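Visitor: Shown below is the structure under consideration.
Protein chains: 2
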Amino acid sequence: MTKTVGVIGGMGPAATCDLMEKIVALTKAASDQEHLHMIADVNTAIPDRTAAILHGGPDPVPEMVKSARRLVSAGAEILVMPCNTAHYFYDDIAAAVRVPVLHMARETAAALRAAGIETAGVLATDGTVQSGVYERALAEAGVRAVYPGPAMQREVMRLIYEGVKARTAPLASIPAGDILADVRAQGAETVLLACTELPIAFRELGLSEGCLDPTRVLAFAAVKAAGAETTAPDPW
Amino acid sequence: MTKTVGVIGGMGPAATCDLMEKIVALTKAASDQEHLHMIADVNTAIPDRTAAILHGGPDPVPEMVKSARRLVSAGAEILVMPCNTAHYFYDDIAAAVRVPVLHMARETAAALRAAGIETAGVLATDGTVQSGVYERALAEAGVRAVYPGPAMQREVMRLIYEGVKARTAPLASIPAGDILADVRAQGAETVLLACTELPIAFRELGLSEGCLDPTRVLAFAAVKAAGAETTAPDPW
């Protein structure tokens, strides 16, 4: 008997769909009925996470907790949050429910260690970078984190907010290749696309080679935690 | 204030993600918070719809009703079912809840009529074809439905079950172009990809030009019914 996966979604909505698709693709199943039961709450009332961490914006925790409880009431037995920045608030969410909440950054750090990676580039929102979500998870796994310089970090933010969330800037107008070159020049053996909008952008740009997608890592971990077989041996 | 959209999902799980993505893409929004609140129940315990209609397989209605009620309890104010065949059971589901349930085939028929189409090809599961779900909806809108011959209909079923659901047959091994040619030879001005797995297959094959995707029609109708602005003037 597999477990029901609950998805605390809406951070952003496209990333929720991306995670769900990856869970479906990573589940070994020959019919609809062999797939996992999932319930997703695309709760777009959750305030912006980066704004809350860096600029005193409204606290996202109450709405995140509402989603977590709504999912557990509906039958979820494991929770996932497809938003890297949201993991700054992980302890509050995990404390609010009695079911396990998978931790995207810790799962990613474990995947890096398992692959023998010593230095990883981290592309993420200012909120994720400055809150140290990945810094801590990688350090605990003995992996060094390197980050883009200030100019390239501004381009990462544009890629996320203007390129994917608002679709106001064409992706090709943002120098995504230069962002990768920046962290690789600092010794990154792989690059974490540690904002859920980034795998979408890098895939569309054809630049995801040599990158690790924490959304895929989370999907892989969810399939395993739910007790299903995966279609791949690892999340790379 | 927009309404919360509930998605009776899992028929199949990939189609659920596809609909959700289309709702996100069709919603005019410049930030996560401007998107619609959606709740999806990927209920993979729902038995196969075609098997129930044609071969006396287990009745999918009880699990579909469970999902509908679970979604309404969680806050859904409009329901959608991203599965064409499931609309054979539409009346049972609509009668089980007090919120509106959008009807994929009727919305599609309305889109055809609005575009002045007189004859449409219908590619669907044997269950959808034989149950007359599209036949009736199109007839009510004054549109003639044409279907692939028996050999090509078997290829439609292979495309759905082996090509997309099980991924046991490479899509390119199935003569999808011949299926389109069959219904076009019968006068189809457009081709309905009336099984939710088909838009996925035809997009991957680069053959979706000149086809109408009822999943996109349903997504468009859901965005409108929820009270949000759409990013496109029509579902084509």
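Protein chains in written order, with this note's numbering: chain W, -17 to 218; chain U, -17 to 218. Note that CB positions come from ideal geometry on N, CA and C, so glycine has one too. All of these numbers come straight from a predicted model, not from anything done at the bench.
In this structure, how does DSSP classify U/V199 when only helix, strand and coil are distinguished?
Guide: Against the second sequence, residue 199 of chain U aligns to sequence position 217. In this structure, U/V199 counts as helix in the three-state DSSP scheme.
Visitor: Are the C-beta atoms of W/L84 and some chain U residue less than 8 angstroms apart?
Guide: One-based indexing of the first sequence puts residue 84 of chain W at position 102. No - not a single Cβ of chain U is within 8 angstroms of the one on W/L84.
Visitor: Between the stretch 97 to 110 of chain U and the stretch 131 to 142 of chain U, do three or more beta carbon pairs fall short of 8 angstroms?
Guide: As far as the Cβ criterion goes, the stretch 97 to 110 of chain U touches the stretch 131 to 142 of chain U, which means the pair count is three or higher.
Visitor: Three Cβ pairs or more, each shorter than 8 angstroms: is that satisfied between the stretch 79 to 92 of chain U and the stretch 183 to 201 of chain U?
Guide: In short, these stretches touch, since the Cβ pair count reaches three.
Visitor: Would you list the residues sitting across from U/R126 in a DSSP beta bridge?
Guide: Here residue 126 of chain U refers to the residue found at position 144 of the second sequence. Partner(s): U/T101.
Visitor: Of the choices U/L36, U/H69, U/G39 and U/A33, whose alpha-carbon is the least far from that of U/V47?
Guide: Within the second sequence, residue 47 of chain U is the residue found at index 65, counting from 1. When only C-alpha atoms are compared, the closest one is U/H69.
Visitor: Measure the alpha-carbon distance for W/I75 versus W/A50 and round it to whole angstroms.
Guide: The sequence position of residue 75 of chain W within the first sequence is 93, counting from 1. The sequence position of residue 50 of chain W within the first sequence is 68, counting from 1. Cα-Cα distance, rounded: 7 angstroms.
Visitor: Is the CB of W/I21 under 8 angstroms away from at least one CB in chain U?
Guide: Counted from its first residue, the first sequence places residue 21 of chain W at position 39. Yes, W/I21 lies at the interface with chain U (some Cβ there is under 8 angstroms from its Cβ).
Visitor: If U/A22 sits next to W/I28, beta carbons under 8 angstroms apart, how far is it from one beta carbon to the other, in whole angstroms?
Guide: In the second sequence, residue 22 of chain U corresponds to position 40, counting from 1. In the first sequence, residue 28 of chain W corresponds to position 46, counting from 1. Not really, about 16 angstroms apart at Cβ, beyond 8 angstroms.
Visitor: Answer yes or no: does any C-beta atom of chain W fall closer than 8 angstroms to that of U/H17?
Guide: The residue given as residue 17 of chain U occupies position 35 in the second sequence. Chain W, which has a Cβ nearer than 8 angstroms to the Cβ of U/H17, makes this yes.
Visitor: Using C-beta distances below 8 angstroms, list every residue in its chain close to W/A214, excluding the 5 sequence neighbours before and after it, in chain order.
Guide: On the first sequence, residue 214 of chain W is found 232 positions in, with the first residue counted as 1. Only L8 and F202 meet the Cβ criterion.
Visitor: Is the shortest distance between the beta-carbon of W/E3 and the beta-carbons of chain C less than 8 angstroms?
Guide: In the structure shown, chain C does not exist; the protein chains are W and U.
Visitor: The alpha helix (DSSP H) that contains W/L1, what's its start and end?
Guide: Within the first sequence, the letter at position 19 stands for residue 1 of chain W. W/L1 -> alpha helix (DSSP H) spans P(-5) to L8.
Visitor: Please report whether the beta-carbon of W/T26 lies at a distance below 8 angstroms from any beta-carbon of chain U.
Guide: Along the first sequence, one-based indexing puts residue 26 of chain W at 44. W/T26 counts as touching chain U.
Visitor: Are W/A102 and W/L84 closer than 8 angstroms when you measure CB to CB?
Guide: In the first sequence, the residue the question calls residue 102 of chain W occupies position 120. In the first sequence, the residue the question calls residue 84 of chain W occupies position 102. Contact: no.
Visitor: May I ask you to list, following chain order, the residues of the stretch 139 to 166 of chain W that have a beta carbon less than 9 angstroms from some beta carbon of chain U?
Guide: The stretch 139 to 166 of chain W vs chain U, Cβ under 9 angstroms: Y143, K147, A148, R149 and T150.
Visitor: Please tell me whether W/P(-5) has its Cβ less than 8 angstroms away from any Cβ of chain U.
Guide: The sequence position of residue -5 of chain W within the first sequence is 13, counting from 1. Yes, its Cβ sits closer than 8 angstroms to a Cβ of chain U.
Visitor: Compare the Cα-Cα distances from W/V115 to each of W/Y143, W/M2, W/D73 and W/P(-5) and report the closest residue.
Guide: Numbered from its first residue, the first sequence carries residue 115 of chain W at position 133. The residue with the shortest Cα to Cα distance from W/V115 is W/D73.
Visitor: Just confirm the distance between the C-beta atoms of U/M(-7) and W/D14, as a whole number of angstroms; I'd bet it's less than 8 angstroms.
Guide: Residue numbering aside, residue -7 of chain U sits at position 11 when the second sequence is read from its first letter. Residue numbering aside, residue 14 of chain W sits at position 32 when the first sequence is read from its first letter. The pair is a contact, with the Cβ atoms about 6 angstroms apart (cut-off 8 angstroms).
Visitor: So, is the C-beta of U/D216 closer than 8 angstroms to a C-beta in chain W?
Guide: For the purposes of this step, residue 216 of chain U is taken as residue 234 along the second sequence, with counting starting at 1. It does not; no Cβ of chain W falls within 8 angstroms.
Visitor: Taking 8 angstroms as the CB-CB cut-off, is W/S13 touching chain U?
Guide: In the first sequence, counting from the first residue as 1, residue 13 of chain W sits at position 31. It does; some Cβ of chain U falls within 8 angstroms.
Visitor: Is it buried or exposed for W/K147, if we count other Cβ within 10 angstroms and need 16 for buried?
Guide: Here residue 147 of chain W refers to the residue found at position 165 of the first sequence. Under this definition W/K147 is a buried residue.
Visitor: Enumerate, from N- to C-terminal direction, the unbroken beta strand (DSSP E) stretches of 3 or more residues contained entirely within the stretch 46 to 79 of chain U.
Guide: Entirely contained in the stretch 46 to 79 of chain U, the beta strand (DSSP E) runs reaching 3 residues are, in chain order, 60 to 62.
Visitor: Which runs of the alpha helix (DSSP H) spanning at least 4 residues fall entirely within the stretch 128 to 185 of chain W, listed in chain order?
Guide: List check, alpha helix (DSSP H) in window: 132 to 140 and 158 to 167.
Visitor: Would you call W/M(-17) buried or exposed, if buried means 16 or more other Cβ atoms sit within 10 Å of its Cβ?
Guide: Here residue -17 of chain W corresponds to residue number 1 of the first sequence, with the count starting at 1. Classification of W/M(-17): exposed, given that the 10 Å Cβ count is below 16.
Visitor: Would you list the one or two residues that DSSP bridges to U/T212?
Guide: Indexing the second sequence from 1 puts residue 212 of chain U at position 230. Paired residue(s): U/T9.
Visitor: Sort U/A56, U/D30, U/G38 and U/P40 by Cα distance to U/V(-11) and report the nearest one.
Guide: As a working note, residue -11 of chain U is residue 7 in the second sequence. Cα-wise, what sits closest to U/V(-11) is U/A56.
Visitor: Would you say U/A56 reaches chain W, if we count a Cβ-Cβ gap shorter than 8 angstroms as a contact?
Guide: What you label residue 56 of chain U is simply residue 74 of the second sequence in a count that begins at 1. Yes - at least one Cβ of chain W is within 8 angstroms of the one on U/A56.
Visitor: Hey, does U/C248 have any beta-carbon neighbour from chain W nearer than 8 angstroms?
Guide: For chain U, the structure presents residues -17 to 218; residue 248 of chain U sits outside this window and is missing.
Visitor: Output needed in chain order: residues of the stretch 32 to 53 of chain U with a Cβ under 9 angstroms from some Cβ in chain W.
Guide: Answer in chain order: R52 and L53.
Visitor: For a contact meaning CB atoms closer than 7 angstroms, what does W/D195 contact in chain U?
Guide: As a position in the first sequence, residue 195 of chain W is number 213, starting the count at 1. Near W/D195 there are no residues of chain U at all, since even the closest Cβ is about 16 angstroms away, more than 7 angstroms.
Visitor: Whose CA, out of W/R95, W/T178 and W/L187, lies closest to the CA of W/A123?
Guide: For this step, residue 123 of chain W is matched to residue 141 along the first sequence. For the residues W/R95, W/T178 and W/L187, the minimum Cα distance to W/A123 belongs to W/R95.
Visitor: What residue range does the alpha helix (DSSP H) around U/I35 cover?
Guide: Taking the second sequence and counting its residues from 1, the one referred to as residue 35 of chain U is at position 53. Run containing U/I35: R31 to H37, per the alpha helix (DSSP H) assignment.
Visitor: Are the CB atoms of W/I161 and W/M134 nearer to each other than 8 angstroms?
Guide: Counting from 1 along the first sequence, the entry for residue 161 of chain W is found at position 179. Counting from 1 along the first sequence, the entry for residue 134 of chain W is found at position 152. Contact: yes.
Visitor: Where does U/M(-17) fall in DSSP's three states?
Guide: Along the second sequence, one-based indexing puts residue -17 of chain U at 1. Residue state, collapsed to three classes: coil.
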